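Numbering (this note's numbering), first residue to last: 29 to 205.
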């Protein structure tokens with residue numbers, strides 16, 4: 029009898045610098061009376077969710093991601109919203125930057141070419157700030173912020189004692205301007 033292959037939960041994401049994560053986390057905690065605030069270290073923007081993936085595929089995923097060419101992304105965080113269907117308070121761009129859409133398209137094209145399974149739902153850029161929310165609080169005074177993204181990351185997700193933690197496995201830099 030063969031042992032089952034080791035799997036890990038993976039996704040590709042834009043991963044903000046600590047300073048931006050902290051700004052977003054402060055407001056998430058202020059809005060937490062309406063739900064459960066995301067922890068600072070888990071704040072990100074998902075580009076492609078792979079889910080349970082064989083760990084042996086990580087080198088292939090890395091190679092596909094390294095082949096994606098993109099430039100730095102200027103992402104205005106100028107909109108806060110609430111999705112009632114999944115009870116999430118989020119922030120994001122009022123208008124999707126073309127550079128972000130191009131990055132997602134290029135990454136997903138590489139994953140498709142490699143036969144890599146991922147969630148094919150249409151991309152909707154957002155940063156989850158509060159889960160299990162019950163409505164939208166007042167828009168924070170810091171809106172708008174601008175996020176200059178210079179890389180994206182392959183991230184693993186683990187759950188220990190009911191708490192989700194993310195770990196950046198590798199970063200993939202943008203091409204020079």
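Where is the CB? At the ideal position from N, CA and C, for every residue including glycine.
As the structure is a computational prediction, the values presented were derived from the model and not from experiment.
Point to revise | Supposed contact pair residue 105 and residue 128 - C-beta distance, whole angstroms, cut 8 Å | key: A Cβ-Cβ separation of about 12 Å leaves residue 128 out of contact with residue 105 under the 8 Å criterion.
How many whole angstroms separate the CB atoms of residue 76 and residue 39, which I take to be in contact at a CB cut-off of 8 Å? Taking C-beta atoms under 8 Å as the contact rule, residue 76 and residue 39 qualify, at a distance of about 7 Å.
- Over the uninterrupted beta strand (DSSP E) stretch that includes residue 118, give me the two end residues. Note, residue 118: beta strand (DSSP E), 116–120.
I need the straight-line Cα distance from residue 96 to residue 61, nearest angstrom please. Approximately 40 Å, taken between the alpha carbons.
Open item on the list: Rounded to the nearest angstrom, what separates residue 131 and residue 86 at their Cα positions?
Closed with: Answer to the nearest angstrom: the Cα atoms are 20 Å apart.
- prompt: Helix or strand or just coil, what does DSSP make of residue 69?
  reply: Residue 69 sits in a helix when the DSSP states are folded into three classes.
Quick one: give me the first and last residue of the alpha helix (DSSP H) that residue 181 is part of. That residue, residue 181, is in no alpha helix (DSSP H); its beta strand (DSSP E) goes 179–188.
What distance in whole Å lies between the Cβ atoms of residue 183 and residue 41, which are believed to be in contact at a cut-off of 8 Å? Rounded to whole angstroms, the Cβ separation of residue 41 and residue 183 is 5 Å, and the two are in contact under 8 Å.
| query | Which whole runs of the beta strand (DSSP E) in the segment 41–118 are 3 residues long or more, in chain order? | reply | As far as the segment 41–118 is concerned, its whole beta strand (DSSP E) runs of at least 3 residues are 73–82, 101–105, 107–111.
Practice prompt. Determine the direct distance from the alpha carbon of residue 35 to that of residue 29, and round the result to whole angstroms.
Written response: Because residue 29 sits at a pLDDT of 42, beneath the cut-off of 50, its placement in the model cannot be relied upon, and the following sentence gives the value as read from the coordinates. If you draw a straight line from the Cα of residue 29 to the Cα of residue 35, it is about 18 Å long.
Q: Would you mind stating whether residue 192 and residue 43 have Cβ atoms separated by less than 7 Å?
A: Taking 7 Å as the cut-off, the Cβ atoms of residue 192 and residue 43 do not count as close.
**Asked** Measuring CA to CA, which of 145, 198, 156 is closest to residue 82?
**Response** It is 145.
| request: Tell me whether residue 189 is buried or exposed, calling it buried when 16 or more other Cβ atoms sit within 10 Å of its Cβ. | output: Residue 189 comes out exposed.
- residue 29 (DSSP reduced to helix, strand or coil): Model confidence at residue 29 stands at a pLDDT of 42, short of 50, so the residue's coordinates are unreliable and nothing is read from them.
| said: Is the separation between the beta-carbon of residue 50 and that of residue 37 shorter than 7 Å? | reply: No, the Cβ-Cβ distance between residue 50 and residue 37 is not below 7 Å.
Report task. Leaving aside the five residues before and after residue 109 along the sequence, list all residues of the same chain whose C-beta is less than 8 Å from its C-beta, in chain order. Result -> If we look at residue 109 and ignore the five residues flanking it on each side, its Cβ neighbours are 117, 118, 119, 120, 154, 164.
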